[in-house]
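Below: the structure, in structure tokens.
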Amino acid sequence: MSSFEELYLHYRGLPLPRGTFSEDFKYFEEFNFKDDDILVVTYPKSGTTWMKEILTLVLNSGDLTLFQTIPCWLRVPHIEMKAMAKHMEQLASPRSLSTHFLYNMMPSSLHTSKAKVIYVMRNPKDILVSSYYFHQMANFLEDPGTLDEFMDKFLKGRVFYGKWTDHVKSWKCAELGDRIMFITYEEMIQDLPASVTRISNFLCHNLSEDAIPKIAEYCSFKSMKDNKMSNYSTLPKETMDHDKSPFMRKGIAGDWKIHLNSEQQTLFTSAIRKELEGQNFSLPWSLD
Ligand code: A3P
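Pasting the structure below:
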């Protein structure tokens, strides 16, 4: 079994898997945002893929061509991954982009452009559980060990992309005015058509009455689980082993309730509260 140091490189304090990153971040640092770019921002396991699919269909007014023919990670590439550079150069405008990086790591062109940002937040207890299973199936990540062991690493930020609290703090305080929209995974679970409408309004992209339910249907958990362009099943088993745990695993809010015992819940909640002490924003859900 490989150690944390062998599996991860560090870039500006964030552990990143060597299996998907090179040490060269020049392309990212010099990345030029365009005014009509849209950037999906998430901490891993918050609903990144879900938002990528919604965004594609909103921008294409419900047309399925790209959605059904190009894998989501190429349609909405991660700007921090050098391997995505050539795909980004081929994207037609308006470009859909994504990142798991912190706000203060963004290239300066984000600030000078009028690019829009959609930030998806998810209850950290569900992120913990989702990430625990993801670490079992993604072979470029460290074996998670027991849930107790993984929780300890998660709270210390010894996981890919570091601490959840650092991510949320950085983007919640982003100085982007009305160029940033916050939405939660739970809100999307509760009412997907309403969420699609909110997103299209934010992007000033009018959708027909018929397009909204169609997009919600194609972006339902069941439909995405069956779509090879969304479910990562085209990647080799050496990268993601869906027999260990499917990428499209459960797709619910509150799965933590059957995974965390009361001791784990208390420990997790108090650690997150402590990290967020003194912040001038509130979370959209209760941590209890
Ligand atoms: P679970 O492991 O809890 O099922 P990311 O894309 O940021 O890695 O997030 C993956 C999580 O989002 C997984 O959570 C996955 O099942 C969930 N997800 C993806 N598409 C979804 C959808 N259409 N509806 C609900 N959850 C979805």
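Take any residue in the sequence shown, note its place counting from 1, add 492, and you have its number in this note's numbering.
All C-beta atoms, glycine included, are put in the ideal place defined by N, C-alpha and C.
9 Å Cβ cutoff, residue i in contact with chain C
i    : result
E545 : Reference to chain C is not applicable here, since this structure consists of a single protein chain.
Selected residue, minimal CA-CA separation from residue i, among the options
i    : options                   : result
I707 : K544, I530, F517 and F523 : K544
D780 : G654, K749, K608 and F713 : K749
L602 : H697, E679 and L531       : L531
S494 : R504, P509 and Y503       : P509
S762 : L566, Y535 and K617       : K617
Span of the alpha helix (DSSP H), counted from its first residue to its last, around residue i
i    : result
Y519 : K518 to E521
P616 : P616 to M629
I744 : No alpha helix (DSSP H) holds I744; DSSP gives it neither H nor E.
S687 : L684 to F694
L558 : T557 to T561
L775 : It is not in any alpha helix (DSSP H) - L775 carries neither H nor E in the DSSP assignment.
L602 : S601 to T604
Three-state secondary structure assigned by DSSP to residue i
i    : result
S438 : In the structure as shown, the chain starts at 493 and stops at 780, and residue 438 therefore has no counterpart that could be examined.
Y724 : coil
N750 : First, the residue type needs correcting, since residue 750 is Ile and not Asn in the sequence shown. The answer is helix: DSSP assigns I750 an H, G or I state.
L699 : coil
H570 : strand
T638 : coil
T731 : coil
M613 : strand
L768 : helix
Check: residue i C-beta below 8 Å from any heavy atom of the ligand A3P
i    : result
F713 : yes
F626 : yes
I744 : yes
I681 : yes
F739 : yes
Y677 : yes
Contact test: residue i Cβ vs the ligand SAH heavy atom, cutoff 8 Å
i    : result
V688 : Absence of the ligand SAH from the depicted structure is noted, with the ligand A3P being the only ligands included.
First through last residue of the beta strand (DSSP E) which encompasses residue i
i    : result
L633 : Note, L633: premise wrong, no beta strand (DSSP E); not H, not E.
Output the residue ranges of the beta strand (DSSP E) runs that lie fully inside the segment 648-680 and measure 3 residues or longer, sorted by chain position.
Runs of the beta strand (DSSP E) lying entirely within the segment 648-680 and spanning at least 3 residues, in chain order: 672-676.
At 3 residues or longer, and completely inside the segment 504-546: list those beta strand (DSSP E) runs for me, N to C.
You should have 506-509 and 530-534.
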